Amino acid sequence: MKFILFLFATLLSLMHSKEVSAERPNILWLIAEDMSPHFRCYGEKTIQTPNVDMLAATGVLFERAFVTGPICSPSRSALITGMYQTSIGAHHHRSGVGTEKIRLPPEVQLVPQLFQQAGYHTSNGSYPAMRKGKTDYNFEFSPGIYDGTDWKNRQPGQPFFAQIQLFGGKIRDVASQLIDARRTLGSATSTQGLPLPPYYPRTQPILDDWSATLDAVRITDKHVGEIVERLRAEGILDHTVIFFISDHGVSHVRGKQFLYDEGTHIPFVVSGPGLPKGQRRQDLIEHIDMAAMSLTLAGVPLPMVMQARNPFAPDYQ
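See below:
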């Protein structure tokens with residue numbers, strides 16, 4: 019009799035576990051490289067960015083989102099831990115890749131680890147080619163924190179935490195048919211009468227570069243739309259929380275590597291089930307807050323040491 023009761027209790031537990039798993043949303047991070055918020059939904063008038071605009075229209079746009087460091091490895095190290103890079107010794111660009119490795123404090127866990135422990139499938143890929151995605155973490159870490167480069171190999175019904183790395187602003191630095199605006203979008207942004215930020219001189223090299231920058235934004239927007247369409251085709255769009263941010267600002271004068279707005283101010287849009295729609299928030303937030311937001315939305319407890327905060331929390335200030 020006790021054995022039968024034990025089996026019954028176990029069955030109920032498994033059924034409840036499956037229900038909880040089914041209720042947990044997928045979490046998708048779309049991380050563009052080297053990109054300031056030059057999207058239509060952020061006030062850019064020269065180009066159209068319908069896909070990021072749609073995420074903003076169906077979710078929440080943070081107007082005052084900033085990175086805690088305007089260059090790749092410190093910024094990404096902070097994001098993946100939810101910690102200020104200065105608090106974990108990861109603030110010098112790529113100083114953790116030499117002979118003297120940087121090791122995280124034992125109490126600090128990476129966001130993918132926390133998702134894995136909660137039963138999520140974790141992946142880090144790139145787009146358009148879904149191969150291994152950029153990490154650039156400025157410390158030692160186990161590659162096992164990721165189960166793959168794509169969520170397609172997860173178990174049936176298993177929720178996923180996925181990162182997709184987008185070329186973003188780096189597109190303009192690569193001569194390739196893939197990222198040529200005329201071939202990819204059918205047209206390139208004209209330099210004739212092209213508005214420039216007021217701190218740039220109106221010279222032809224600057225106009226050419228700014229045109230390429232805006233085309234990189236347009237192509238990135240196209241890639242976002244293609245990823246969203248994949249989610250829709252797989253029938254999981256309505257069960258996926260999508261974050262769109264960049265790792266820091268555009269690699270331009272007064273941009274990447276510098277503490278001007280162009281280097282630290284980033285796009286930050288989140289859309290998904292249970293979130294407000296069409297909301298624009300003025301909160302001053304940091305990119306690391308995406309870690310706390312993601313874990314909370316998935317029902318994963320935040321580590322006590324995590325410095326990221328959740329702007330959706332009732333007690334958020």
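Count along the sequence shown from 1, then add 18; that gives the number in the numbering used here. All residues carry an ideal CB built from backbone N, CA and C; glycine is no exception. None of the values given here were measured: they were computed from a predicted structure.
Residue i classed as buried or exposed, judged by whether at least 16 other C-beta atoms fall within 10 angstroms
i, result
"residue 334", "exposed"
"residue 226", "exposed"
"residue 250", "exposed"
"residue 104", "exposed"
"residue 256", "exposed"
"residue 301", "exposed"
"residue 285", "buried"
"residue 44", "buried"
"residue 108", "buried"
"residue 277", "exposed"
"residue 280", "buried"
"residue 183", "buried"
"residue 170", "exposed"
"residue 83", "buried"
Identity of the residues DSSP links to residue i by a beta bridge
i, result
"residue 140", "179"
"residue 6", "No information on residue 6 is available, as it lies outside the stretch 19 to 335 that the chain covers here."
"residue 150", "143"
"residue 289", "260"
"residue 222", "For residue 222, which the question treats as bridged, DSSP gives no partner whatsoever."
"residue 166", "141"
"residue 203", "None, per the DSSP bridge assignment."
"residue 297", "78"
"residue 342", "Outside the displayed span of the chain (19 to 335) sits residue 342, for which this structure offers no information."
Cβ shell of residue i (< 6 angstroms), same chain only, five flanking positions each side left out
i, result
"residue 93", "85, 87, 265, 266"
"residue 259", "43, 45, 290, 315"
"residue 47", "181, 261"
"residue 324", "100"
"residue 67", "57, 58, 239"
"residue 69", "239, 242, 243"
"residue 199", "206, 233"
"residue 224", "218"
Neighbourhood of residue i by C-beta distance below 8 angstroms, restricted to the same chain and skipping five residues each side
i, result
"residue 176", "39, 137, 138, 139"
Cβ-based neighbour list, residue i, same chain, cut-off 7 angstroms, excluding 5 preceding and 5 following
i, result
"residue 195", "Low confidence applies to residue 195: its pLDDT is 39, below 50, so where it sits in the model is not reliable, and the reading given next is rough at best. Contacts found: 201."
"residue 220", "214"
"residue 186", "50, 51, 52, 53, 234, 238, 264"
"residue 125", "323"
"residue 154", "90, 91, 94"
CB contact below 8 angstroms: residue i versus chain D
i, result
"residue 61", "Of the chains in the structure shown, none is chain D; there is only one protein chain."
(message) Count Cβ pairs between the stretch 44–61 and the stretch 258–277 that sit closer than 8 angstroms; are there 3 or more?
(response) yes
(message) Using 8 angstroms as the cut-off, can you tell me whether the stretch 289–301 makes contact with the stretch 110–123, which would need three or more C-beta pairs spanning the two stretches below that distance?
(response) no
(request) Assess, as a yes-or-no matter, whether the stretch 324–332 is touched by the stretch 303–312 under the definition of 3 or more beta carbon pairs within less than 8 angstroms. (result) yes
(message) At 4 residues or longer, what runs of the alpha helix (DSSP H) sit wholly inside the stretch 47–131?
(response) 68–75, 90–99
(message) With a threshold of 8 angstroms, are at least 3 pairs of Cβ atoms found where one atom belongs to the stretch 121–137 and the other to the stretch 158–166?
(response) yes
(request) Could you name each continuous alpha helix (DSSP H) segment of 4 residues or more that falls completely within the stretch 231–283, going from the start of the chain to the end? (result) 279–282
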